[in-house]
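Below is one structure, written out as structure tokens, with a few remarks after it.
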Amino acid sequence: MTAPRKYHITTFGCQMNKADSERMAGILDRLGMNWAEDPNQADVILYNTCTIRDNAEQKVYSYLGRQAKRKHQQPDLTLIVAGCVAQQEGEQLLRRVPELDLVMGPQHANRLDDLLEQVFAGNQVVATEPIEIIEDITKPRRESTITAWVNVIYGCNERCTYCVVPGVRGVEQSRTPEAIRQEMVELGRQGYKEVTLLGQNIDAYGRDLPGSTAEGRHQHTLTDLLYFVHDVPGIERIRFATSHPRYFTERLIRACQELPKVCEHFHIPFQSGDNAVLKAMARGYTQEKYRRIIDKIRHYMPDAAISADAIAGFPGETEEQFQNTLQLVADIGFDQLNTAAYSPRPGTPAALWENQLSEDVKRDRLQRLNRLVEVKAAERSQRYQDRIEQVLVEGQNPKDPSQVMGRTRGNRLVFFPGAIAQLQGQIIDVEITQVRAFSLTGIPIGTSLTGAVAVL
Ligand code: SAH
Ligand code: SF4
Ligand code: F3S
4 MTAPRKYHIT
14 TFGCQMNKAD
24 SERMAGILDR
34 LGMNWAEDPN
44 QADVILYNTC
54 TIRDNAEQKV
64 YSYLGRQAKR
74 KHQQPDLTLI
84 VAGCVAQQEG
94 EQLLRRVPEL
104 DLVMGPQHAN
114 RLDDLLEQVF
124 AGNQVVATEP
134 IEIIEDITKP
144 RRESTITAWV
154 NVIYGCNERC
164 TYCVVPGVRG
174 VEQSRTPEAI
184 RQEMVELGRQ
194 GYKEVTLLGQ
204 NIDAYGRDLP
214 GSTAEGRHQH
224 TLTDLLYFVH
234 DVPGIERIRF
244 ATSHPRYFTE
254 RLIRACQELP
264 KVCEHFHIPF
274 QSGDNAVLKA
284 MARGYTQEKY
294 RRIIDKIRHY
304 MPDAAISADA
314 IAGFPGETEE
324 QFQNTLQLVA
334 DIGFDQLNTA
344 AYSPRPGTPA
354 ALWENQLSED
364 VKRDRLQRLN
374 RLVEVKAAER
384 SQRYQDRIEQ
394 VLVEGQNPKD
404 PSQVMGRTRG
414 NRLVFFPGAI
424 AQLQGQIIDV
434 EITQVRAFSL
444 TGIPIGTSLT
454 GAVAVL
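Heads up: the sequence shown at position 83 corresponds to 86 in our numbering, and the numbers run straight through without jumps.
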């Protein structure tokens, strides 16, 4: 490479993609390139894409179209599509957008430097073959200096009938506990305070690693991993996502209660509150089992924050079955719920079924679900009123520079007056004075790390 080049990355989709983007940015930094906030100032543009629903995929094409046009004026522009659309479409993407230089699936994120070398040698490259993911040796360029993602398991071996993830992310591949701990130790040393352990089905962690006990239990479970990493110096908080009700264990709940750094915050998608729909989705649990899990969590940690994902309008879902989803949402009272209308995806079984619902029905159910979610989240927020919460300060309130923002252990966003230069990365006791459905406002009363209350 000659002159230093500027790169830009736009990331779509889930936390996995965000984590992959940070590692790819780390690779580009190491190659001597500089980050450009504005894609129009960059000469290497990477779109890290998502295909979970059709609208996510269409968004990618509209972004790409704009840059493909620019390439006609600026032939040395390098255009890269990474992530899940790249994996799903592969070669076809090159036919659709011939201006592309590189199409690379998520498993190839850590190989970006090799792939770019081929591109700079004049090739148009497609890297979508399944591979064993190379252990991460790059230093990611992380967006935050306080909170960090750490992958623990890649891929997914489930076969939920609506979902593209197994097709685009490949089979489960767990990182070793030692590699995970080492990454966290490094993060602690760099001043990071919070780590979120990531996996599409994080409860599957370790089942592909060698070694199981006499009782047939794997030596490396998520629970064991939490015990193995919880004392990493400097890291004050540990979260994990995403949990799967099929594999979620009481042992894990007890570990969360026992380990002080593990936050009382659970993200456990239920997808539907109806057993027949759950069966058609091939989720492997009933709504009764889901309720039992939540009861168990609340038995050990009455105040735990619970969030989830749900789909409205799955093929064949009747109004009555949808009512069961509403009932579950009403009964459980989620702190947060990510909702979506069902979207048929290429290569998934449910997309081929004939009992698809109309867009109108799906939209209507989604709206009704969202209204209930908002009401319930606002109710759940009420419990924070006048309480003292420990808030890890992450940054400035983008809408009010006299305020900082951070999160409670339960992952509620909190704003309070203060100077970011002083407070960033600290855990502050904040008295909550105003509650909204998805965020809170308060006044600082001290730092909780020292035990004593320091006046700010
Ligand atoms: N691994 C996680 C979720 C991964 S995808 C799990 O097992 O729950 C994130 C969310 O997108 C899913 O929880 C689901 O609610 C939603 N989703 C996935 N495929 C979808 C589809 N075809 N249509 C609508 N929503 C979908
Ligand atoms: Fe998709 Fe199911 Fe795997 Fe989650 S568990 S990523 S919904 S296949
Ligand atoms: Fe999207 Fe891929 Fe994540 S499809 S949700 S970016 S795993």
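From the three backbone atoms N, C-alpha and C, an ideal C-beta is built for every residue, glycine too.
According to DSSP, is residue i part of a helix, a strand, or is it coil?
i      : result
Val456 : With a pLDDT of 46 at Val456, under the threshold of 50, the predicted position of this residue should be treated as unreliable, and no value is reported.
Ile335 : helix
Asp1   : With the chain represented from 4 up to 459, any question about residue 1 goes unanswered, as that position is not in the structure.
Ser246 : coil
Ile271 : coil
Val376 : helix
Leu395 : strand
Ala422 : coil
Val153 : strand
Ala207 : helix
Thr148 : coil
Leu443 : strand
Glu138 : coil
Ser384 : helix
Ala124 : coil
Val407 : strand
Arg240 : strand
Gly449 : strand
Leu355 : helix
Asp389 : coil
Asp432 : strand
Leu416 : strand
Taking the alpha carbon of residue i as the point to measure from, which residue in the options has its own alpha carbon closest?
i      : options                           : result
Leu105 : Thr141, Glu138, Leu67 and Tyr157  : Leu67
Asn160 : Gly209, Thr179 and Gln61          : Gly209
Tyr250 : Ile205, Glu267 and Asp277         : Ile205
Thr245 : Gln18, Tyr293 and Ile12           : Gln18
Asp116 : Ala28, His75 and Asn51            : Ala28
Val408 : Gly445, Arg374, Ala313 and Gln388 : Here the sequence assigns Met to residue 408, which means Val is not the residue at that position. The residue with the shortest Cα to Cα distance from Met408 is Gly445.
Ser384 : Gly158, Gln330, Glu322 and Leu443 : Leu443
Tyr288 : Pro248, Glu120, Ala311 and Glu132 : Pro248
Leu96  : Gln76, Gln77 and Ala71            : Ala71
Asn43  : Glu175, Ile296, Lys9 and Lys379   : Lys9
His75  : Pro101, Arg56 and Asp57           : Pro101
Gly421 : Thr411, Gln427, Gln406 and Arg410 : Gln406
Gly285 : Asp32, Tyr64 and Thr164           : For clarity, residue 285 is Ala in the given sequence; the question names Gly instead. For the residues Asp32, Tyr64 and Thr164, the minimum Cα distance to Ala285 belongs to Thr164.
Ala333 : Ser361, Arg374, Ile300 and Ile296 : Arg374
Gln437 : Ala381, Pro404, Arg412 and Ile423 : Ala381
Thr141 : Glu92, Asp227, Arg294 and Ala22   : Ala22
Val267 : Glu189, Arg410 and Ala440         : Per the sequence presented here, residue 267 reads as Glu, with Val not at that position. The shortest Cα separation from Glu267 among Glu189, Arg410 and Ala440 belongs to Arg410.
Asn58  : Ala343, Asn358, Arg412 and Val417 : Ala343
Asn358 : Thr321, Asp312 and Asn113         : Thr321
Val153 : Val167, Thr179, Leu372 and Gly350 : Thr179
Asn341 : Glu377, Leu355 and Ser361         : Glu377
Pro109 : Leu103, Lys264, Arg294 and Val84  : Val84
Any Cβ of chain D within less than 8 Å of the Cβ of residue i?
i      : result
Thr164 : Protein chain content of the structure displayed is limited to a single chain, and chain D is not contained in it.
Our contact map puts residue i next to residue j with C-beta atoms below 8 Å; I'd like the distance itself, whole angstroms only.
i      : j      : result
Gly276 : Gln330 : 6 Å
Ile241 : Leu229 : 7 Å
Ile30  : Leu80  : 19 Å between Cβ atoms; not a contact.
Phe231 : Leu200 : Not a contact, Cβ separation roughly 11 Å.
Ala207 : Ile156 : 6 Å
Pro143 : Glu40  : 18 Å between Cβ atoms; not a contact.
Pro318 : Ala279 : Not confirmed; about 12 Å, so no contact.
Asp414 : Ala283 : Here residue 414 is Asn; the residue named in the question, Asp, does not match the sequence. Going by Cβ atoms, the distance from Asn414 to Ala283 rounds to 31 Å, so no, they are not a contact pair.
Gln290 : Asn327 : 7 Å
Gly194 : Thr148 : 7 Å
Any chance the stretch 246-264 sits against the stretch 299-306, with 3 or more Cβ pairs inside 8 Å? yes
Should the stretch 271-279 be called in touch with the stretch 219-235, which here means at least 3 C-beta pairs below 8 Å? no
At least three beta-carbon pairs within less than 8 Å, the stretch 419-435 to the stretch 394-406: yes
Three-pair Cβ contact test at 8 Å for the stretch 175-187 versus the stretch 360-367: Flag = no, the stretch 175-187 and the stretch 360-367 do not touch.
Only counting runs of 3 or more residues, tell me where the beta strand (DSSP E) segments fall wholly within the stretch 71-113, in order along the chain. You should have 81-85 and 105-107.
Quick one: complete beta strand (DSSP E) runs, 3+ long, within the stretch 167-205? 197-201
Does the pairing of the stretch 152-172 with the stretch 77-93 give three or more beta-carbon distances under 8 Å? yes
At which residue ranges does the stretch 5-57 contain complete alpha helix (DSSP H) runs of 4 or more residues, listed in the order of the chain? Listed in chain order, the complete alpha helix (DSSP H) runs (minimum 4 residues) inside the stretch 5-57 are 18-33.
Length at least 4, wholly inside the stretch 279-330: the alpha helix (DSSP H) runs in chain order: 290-303
If contact is defined by three or more beta carbon pairs under 8 Å, each pair taking one atom from either stretch, is the stretch 47-55 in contact with the stretch 128-146? Judged by Cβ distances under 8 Å, the stretch 128-146 makes no contact with the stretch 47-55, as fewer than three pairs qualify.
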